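Residue numbers (the numbering used here): 122 to 476.
Below is one structure, written out as structure tokens, with a few remarks after it.
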Ligand code: HEM
């Protein structure tokens, strides 16, 4: 490991997030197994495990993809963004159990290596070569799941801070954008699997609704952002621009605002309004989607921390960020869209007593 590497500290939010996630997963398995055993007298633990982990992994994958756009549509979803990486790792582990169990069950009973069988069994079963899968119901859906799992594994393995620090940001970003490719593969895996086994119509709904919701959320988030970006920048006499109502700010939580090309993060901290650069110098994370944890502005992506009053990075964090001058008038927050040099404190703006 690099000697310059320093892990981001564990904190209360992370523990609450992980415990909630664990609780929900345990509850899901309890309900899935309870209902399945209640409805079906023939109890097959292996099959139930394959199916329960399959559906959980598929749902978690959609959830991971939805968090980003949901946060851009409405700030109330921001708590979900925090610690999203742990969700990704849990998703991979659940999918891994599904993949390994399916591999052992459907490809483990012969002398052929299960991984070889995964890619060759179809040609034997349907008597077709790899280039003759014109008939969709005969298309080998399992290898698609295998490649989706491979990508999720790569992402989980590189999600740790160590890799964020040591891979180039562009490489890391590229790797993690592959989640959309993994999603496409997983959707095809399930959809083509359904064509081969018409046993369960619920899956058709799961795939259709999931795909629709993910696409719609991304479209809505994109439309909202372009609208905000196009917003005309109207300066008042002092060179300030109105950005939001004071009442829309919540203590300790951030808000991202675009003023022309300036990306500004607004926080309400101990009764004061603070405006900072919205772009974390570490990996470009949106600081306004983060919150103030233990008195520090904390990046939602990788937990880098900055002093709210000055933008100074804490020990272990890289670089400082610039502040913006702000003011309050008539219950509205205004920001001057010229960033102060990094580390220069802006005049404190108290909510109390402001008009
Ligand atoms: C090595 C990787 C994988 C293999 C070998 C594999 C294999 C299979 C097989 C054989 C089935 C049919 C199970 C049955 O009907 O009994 C299945 C279904 C399914 N798989 Fe996978 N899979 C893999 C990866 C994935 C991944 C990464 C996901 C999602 C993130 C996924 C999601 C699903 C879903 C939702 C179903 C339908 C579950 C059901 O029938 O109730 N699979 N998979």
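Each residue gets a CB set at the ideal place from its N, CA and C atoms; glycine is no exception.
Nothing here was measured: the structure is a model prediction, and the numbers come from that model.
What's the call for residue i, buried or exposed, on a 16-neighbour Cβ count within 10 Å?
i	result
residue 191	buried
residue 462	exposed
residue 204	buried
residue 368	exposed
residue 252	Residue confidence is low: residue 252 scores 44 on pLDDT, short of 50, so the model does not pin down where it sits. Its coordinate-derived value is still stated next. Per the 10 Å Cβ criterion, exposed.
residue 385	buried
residue 330	exposed
residue 302	exposed
residue 160	exposed
residue 336	exposed
residue 197	exposed
residue 428	buried
Looking at residue i: is its Cβ nearer than 9 Å to the Cβ of residue j?
i	j	result
residue 325	residue 315	yes
residue 442	residue 402	yes
residue 181	residue 215	yes
residue 264	residue 362	no
residue 142	residue 213	no
residue 308	residue 454	no
residue 220	residue 266	yes
residue 226	residue 171	yes
residue 414	residue 399	no
residue 327	residue 179	yes
residue 373	residue 389	yes
residue 464	residue 412	no
Give the range of the beta strand (DSSP E) segment to which residue i is assigned.
i	result
residue 419	417 to 419
residue 442	First-last for residue 442: undefined, no H or E at that position.
residue 396	393 to 398
residue 305	First-last for residue 305: 300 to 317, but that is the alpha helix (DSSP H), not the beta strand (DSSP E).
residue 366	362 to 366
residue 266	Not the beta strand (DSSP E): residue 266 falls in the alpha helix (DSSP H), residues 262 to 278.
residue 201	From DSSP, residue 201 is part of no beta strand (DSSP E) but of the alpha helix (DSSP H) over 199 to 202.
Rounded to whole angstroms, what is the Cα-Cα separation between residue i and residue j?
i	j	result
residue 195	residue 431	28 Å
residue 397	residue 444	4 Å
residue 391	residue 169	51 Å
residue 287	residue 231	43 Å
residue 503	residue 223	The requested residue 503 is not part of the displayed model; the chain covers only 122 to 476.
residue 209	residue 359	46 Å
residue 472	residue 395	10 Å
residue 284	residue 241	35 Å
residue 387	residue 448	12 Å
residue 451	residue 380	20 Å
residue 370	residue 409	11 Å
residue 422	residue 440	16 Å
residue 174	residue 466	51 Å
residue 248	residue 233	With a pLDDT of 49 at residue 248, under the threshold of 50, the predicted position of this residue should be treated as unreliable, and no value is reported.
residue 322	residue 338	25 Å
Starting from residue i and walking both ways along the alpha helix (DSSP H), at which residues does that stretch end?
i	result
residue 228	205 to 228
residue 166	166 to 194
residue 139	133 to 160
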